[in-house]
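See structure below.
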Amino acid sequence: MSASPLSLVIADIVEFFNVTWSHMQKHYQCSAMSLCRDPKYQDLKSFVEVNEKDKLSIYEQLLSDPDRFNKYTRTIDTPDGTVLFDFSKHRISDTTFEKLIDLAKSRNVESMRAAMFGGERINFTENRAVLHIALRNRSNTPISVNGKDVMPGVNEVLDHMKEFCHQIIEGQWTGYTGKKITDVVNIGIGGSDLGPLMVCEALRHYQIGPNVHFVSNVDGTHIAEVTKKLNPETTLFIIASKTFTTQETITNAETAKEWFLRKAGDKSAVAKHFVALSTNVPKAQEFGINPSNMFEFWDWVGGRYSLWSAIGLSIAVHVGFENFEKLLEGAHAADQHFVNQPLDQNVPIIMALLGVLYGNIYGAETHALLPYDQYLHRFAAYFQQGDMESNGKFVTREGNRVDYSTGPIVWGEPGTNGQHAFYQLIHQGTRLIPCDFIAPAKTLNPVRNGLHHQILLANFLAQTEALMKGKSREEAEAELKAANTPPERIEKILPHKVFEGNRPTTSIVLPVVSPFTLGLLIALYEHKIFVQGVIWDINSYDQWGVELGKQLAKVIQPELASAATITSHDVSTNGLINFIKMAGYALKRLMTEYKELTSRPPEGILAAPLDEDNFFEWECLITGPEDTCFANGVFPARISFPQDYPLSPPKMRFTCDLFHPNIYQDGRVCISILHAPGDDPTGYESSSERWSPVQSIEKILLSVVSMLAEPNDESPANVNAAKMWREDRQQFEKIADNLVRKTLCLPQSES
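And the structure:
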C-alpha cells in the first residue's frame, strides 16, 4: 500500500530534523531553562500579579512622578534630527522596569546578540548564520562566516547595484527599441516583495528614478492588473528569487515574459528588460537573463530581513542609490545602538521586554502598529510578516513544547483612518492591545501651511492620552449634565460613555520620514523581534510553517489538473478539491457549449452569457413556435447555472409576462429536464425525463420551445393557466396573443 502524500511530506520533515539535531547540539549552546521556570521571570510575574496587574494606573503614575516622562523616554540622534521613544504610558513601575532588565540578563540576550553579530550559526535548524546586519555594515568592520570576511562580497554587490541604478536613472540603459526605462516591476514574494514595497511606498517623496510596481501573488489578477498599465518597450522586470525556482515568482516571471514577447517578438530582447536577484546562474540564463545582470545575495540573508541586500534593488532604482545608502546608514546606526547601549537604555530591548510583559503576564494576544503618516501605510503589513513569521513558534531551541505564549498577532493601519475603523475596540473592548504610535514631527507635504499635519499630530497625541487616561463615570456624567442632557437619558447612556483607560502605548516621534530615519526604525523593530525570540528560547530565523503548506501544494496541484475524483486526503480536503475541480469543469463545459451554440444556433433561439467574466448567468431570446398561440412572440429569459454544473441542473426564468401551465407567475420554468436527477417522488416523471449530465443547454432550450407548443396540464406550475387551457382554449389563446403583441410592442387586441 503506497503512502499518502501527507505522510511522505511529514517523513521528509522528520528526516530533516533528525539530520540537523546533532548539528544543533554541536554548534549551538541552548538555554536549558524554560521561561516559566526562570527565577527572574517568576519573580517578575509574581510581583506584577500581586502588586500591579489590577492595581497600577498609568495615569496615577504620571501624576505622582513629574519626572516620569524624562525617566522613560529614550532618544537617538540622526542627521535629520532626534528620534524620540516615549515608554512613559506603559503599565510599569520603577520596580517592574528593573525586573524586566533583570529578565533580559537572565535570558542571555547580550551573549546571543554577540553570537549573531559574530557570525555564529544561530539559525541552527538551517545551519546558517544570521547576518542581515552585515549588509548595512557601513563601518566595513570585518564580519566572518566560516573564517571568511563577508564584507568584500557585500561591497561588490553594492557597487554593482550602484552602477545599474545610475544607468537606469540616467537613461543609459534602454529597452529593445532604444527608449528609456520608465517603469520597473519587482516580481517576488514574501521578503522579496513586502520589504521593498513598504520602503518604496515610505520613500515615495524621494523618487528620482522610474515608477516601481510590485507583483507577488500567484493569482493571475495581480500581474494582469499591473501589466495592463505598462508599455513593454519601457518596462524592466526584476525577478527576485534566490534559487530562481520559487513557484509563485517564476510563474509570474514566465507570464511577464510572455506578455513582453507578444510585443517584442524577439527572445534576444528579454536580456534588455529582465534582471535577476538570484544565485542560480544557469536557471536565470535559461530564462534569457544576461549573467552580468544578476545580483547575488547569500544564505545568511533571511527573506524577511533581505531588503538591505540586492533584494532592495527596486528601492535603489526608485529613490536613487545615494538614498538607498542612507537607508543602510540608518539601519547601521540602529545596529550600533543595539550593540553598544546598556540594557536599560536600549530601545529595541525595552520594546521587546514590554511585549513580553503584556503577552506573557497580562495575556495580550495582539500588538498594533499605528503610523500617523500615510507614507508608512505598509509598515504594519511588513512587520506582520517580520514578527509573526519569526516568532510564531511553539517549540524551544531544544525542541520542547513551550508552556507560554510566543509571538503576538501584529496588525495596524495608518492614523487617522484606523480611528474610524477599529480604535473603538482598543478604547472600550475587553482585550488588552498594546499599541505603538509612530509620527514624524515634520511633514514632507505641508499642505495649507501645515494645517493637515497639525490636525494629524493633534490626533496622534490625543489618542495616546485618551487610551491612557480614559474617562471616569463622574467625568462622563458631568459632561452630559453640562450638555443639558435629561436625567433619564443620562441614566440610560452613562455606562456607555465611560472609558476605563490604562491602555498602554509607545509613542515614537521621528524628526521626518527620511531614508535614514526609516532605516533606523526598521532595524530597531528587527532587533526587538530578535530579543523576544531569545527570551522565549525559540529560533526566530526559520519558517517551517511556510514550508509544509508549500510542499502539500505541490502534491495538490497535479490533482487539480487530473480528471479523477480525489480520495488521497482527509474527507474535508478531498471534498474541497473535488468541488473546486467541478467548478473549473463547469466553466469549461459552459464555454464549450457556448461555442457550439454560436457556431450552430438552433432556429428561433439566441443564448449567451450575460458577461464574459461570468459564464454562470445567461440570457436567452426564444421565438414562439409556429402554428401555436405563441407564434412570432420573442420571449426573454435568464438561465442560472450552479457551480457543479452539469451534475446539477440550471434554473430558468422568463423575464417577461407569460401565461402558461408550466411557467410560474414569477417566470420560473417547470419542466422535467430542469428537475434534479433521480426518481420523481410524486411519480409524475420518469428518471429518464429528468436532468442528467448528458443533457445540454441546447436540449433545455429546445424542450422549452416544445413546452410552449404543447403544455403539460397534469402537474401545472400555474393552476389557472392549466384550467383555462383545458376548459376555455379560446380565451387562453387570446391571452397568449396579447402577450405576443406585448413582446413585439404592438397594440393589444380587444378582449
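Quick note, the sequence shown lines up with residues 1214 to 1964 if you use the working numbering. Idealized CB from N, CA, C, for every residue including glycine. All values reported here derive from a predicted model rather than from experimental measurement.
Is the beta carbon of residue 1462 sitting closer than 8 Å to the one on residue 1396? Their beta carbons are not under 8 Å apart, which means residue 1462 does not touch residue 1396 by this criterion.
Assuming residue 1566 is part of the alpha helix (DSSP H), what are its boundary residues? That run of the alpha helix (DSSP H) goes 1560–1569.
Per DSSP, what are the beta-bridge partners of residue 1832 in this structure? Residue pairing by DSSP puts residue 1832 in a beta bridge opposite 1821 and 1851.
Which residues in the same chain have their Cβ closer than 7 Å to the Cβ of residue 1810, if we skip the five residues on either side of it in sequence? These residues qualify, in order along the chain: 1820, 1910 and 1911.
Taking all protein chains shown into account, do 16 or more other C-beta atoms lie within 10 angstroms of the C-beta of residue 1536, making it buried, or fewer, making it exposed? By the neighbour-count criterion, in which a residue is buried when 16 or more other Cβ atoms sit within 10 angstroms of its Cβ, residue 1536 is buried.
Alpha-carbon spacing of residue 1703 relative to residue 1558, whole angstroms: Each residue's alpha carbon lies about 48 Å from the other.
Using only alpha-carbon positions, find the residue among 1793, 1824 and 1386 that is nearest to residue 1807. Ranking 1793, 1824 and 1386 by Cα distance to residue 1807 puts 1824 first.
Taking the alpha carbon of residue 1176 as the reference point, which residue from 1533, 1337 and 1368 has its own alpha carbon closest? Because residue 1176 is not part of the residues shown, which for the chain are 1214 to 1964, the question remains open.
Is residue 1754 near residue 1515, with beta carbons less than 8 Å apart? A Cβ-Cβ contact shorter than 8 Å links residue 1754 with residue 1515.
Which of helix, strand or coil does DSSP assign to residue 1240? Interpretation of residue 1240 is limited by its pLDDT of 39, a score under 50 that renders its predicted location unreliable; no figure is taken from the coordinates.
Taking DSSP's pairing of strands, which residues face residue 1581 in a bridge? Looking at the DSSP output, residue 1581 bridges to 1624 and 1648.
Of all the beta strand (DSSP E) runs that stay within the bounds of the region 1660–1688, which reach a length of 3 or more residues? Runs of the beta strand (DSSP E) inside the region 1660–1688: none found.
Cα-Cα separation, residue 1414 to residue 1590: Their backbone Cα atoms lie some 8 Å apart in a straight line.
Got a sec? Which residues, its chain only, sit under 6 Å from residue 1392 by beta carbon, not counting five neighbours each side? Spatial neighbours of residue 1392 in its own chain (CB-CB distance under 6 Å, excluding positions within 5 residues in sequence) are listed in chain order as 1446 and 1447.
Per DSSP, residue 1489 is paired with what? The partner list for residue 1489 (beta bridge, DSSP) reads 1452 and 1507.
Have a look at residue 1374 and residue 1746 and give me their C-alpha separation to the nearest angstrom. Taking the straight line joining both Cα atoms gives about 33 Å.
Drop a sphere of 10 angstroms on the beta-carbon of residue 1685, count the other beta-carbons inside from all chains shown, and report buried for 16 or more, exposed for fewer. Exposed: under 16 other Cβ atoms inside 10 Å.
Nearest-angstrom Cα separation, counted from residue 1874 out to residue 1935: As the crow flies, the alpha-carbon of residue 1935 is around 5 Å from that of residue 1874.
Can you confirm whether the region 1638–1649 touches the region 1572–1583 when touching is taken to mean that 3 or more C-beta pairs between the two stretches lie within less than 8 Å? The answer is yes - the region 1638–1649 touches the region 1572–1583, with three or more Cβ pairs under 8 Å.
In this structure, does DSSP put residue 1653 in helix, strand or coil? In the structure shown, the three-state DSSP call for residue 1653 is strand.
Would you call the region 1281–1293 in contact with the region 1547–1563, where contact means no fewer than 3 C-beta pairs closer than 8 Å? In short, these stretches touch, since the Cβ pair count reaches three.
Measure the alpha-carbon distance for residue 1856 versus residue 1885 and round it to whole angstroms. CA-to-CA, the gap between residue 1856 and residue 1885 works out to about 21 Å.
If you measure between the beta carbons of residue 1736 and residue 1544, is that distance less than 8 Å? The Cβ-Cβ distance between residue 1736 and residue 1544 falls below 8 Å.
Distance check for residue 1771 and residue 1818, CA to CA, integer angstroms please. Looking at the backbone, the Cα of residue 1818 and that of residue 1771 are separated by about 40 Å.
Give me, in chain order, the residues of the same chain whose beta-carbon lies closer than 8 Å to that of residue 1719; leave out the 5 immediate sequence neighbours on both sides. Within the same chain, residue 1719 has close Cβ partners 1298, 1299, 1300, 1302, 1303, 1564, 1567, 1647, 1648, 1649 and 1650.
Where does residue 1751 fall in DSSP's three states? The answer is coil: DSSP assigns residue 1751 none of H, G, I, E or B.
Euclidean distance between Cα positions of residue 1256 and residue 1322: Cα to Cα, residue 1256 sits roughly 18 Å from residue 1322.
Nearest-angstrom Cα distance between residue 1830 and residue 1877? Answer to the nearest angstrom: the Cα atoms are 20 Å apart.
Quick check: the Cα distance between residue 1749 and residue 1266, rounded to an integer number of angstroms? Roughly 21 Å between the two C-alpha positions.
Please say whether residue 1343 and residue 1513 have beta carbons closer to each other than 8 Å? A contact, by the Cβ cut-off of 8 Å.
Tell me which same chain residues have a C-beta within less than 6 Å of the C-beta of residue 1452, skipping the five on either side of it? So the qualifying residues of the chain are 1400, 1466 and 1489.
Beta-carbon proximity check, residue 1450 vs residue 1398, cutoff 8 Å: Going by C-beta atoms, residue 1450 is nearer than 8 Å to residue 1398.
Nearest neighbour of residue 1887, chosen from 1315, 1853 and 1279 [CA to CA]: It is 1853 whose Cα lies nearest to the Cα of residue 1887.
Looking at the structure shown, is residue 1234 part of a helix, part of a strand, or coil, going by DSSP? Because residue 1234 sits at a pLDDT of 42, beneath the cut-off of 50, its placement in the model cannot be relied upon, and the following sentence gives the value as read from the coordinates. Here residue 1234 sits in helix by DSSP.
Excluding sequence positions up to five away, which residues of its chain have a Cβ less than 8 Å from the Cβ of residue 1435? 1428, 1429 and 1465, listed in sequence order.
Range of the contiguous beta strand (DSSP E) that encloses residue 1424: Under the DSSP assignment, residue 1424 falls in the beta strand (DSSP E) whose first and last residues are 1424–1428.
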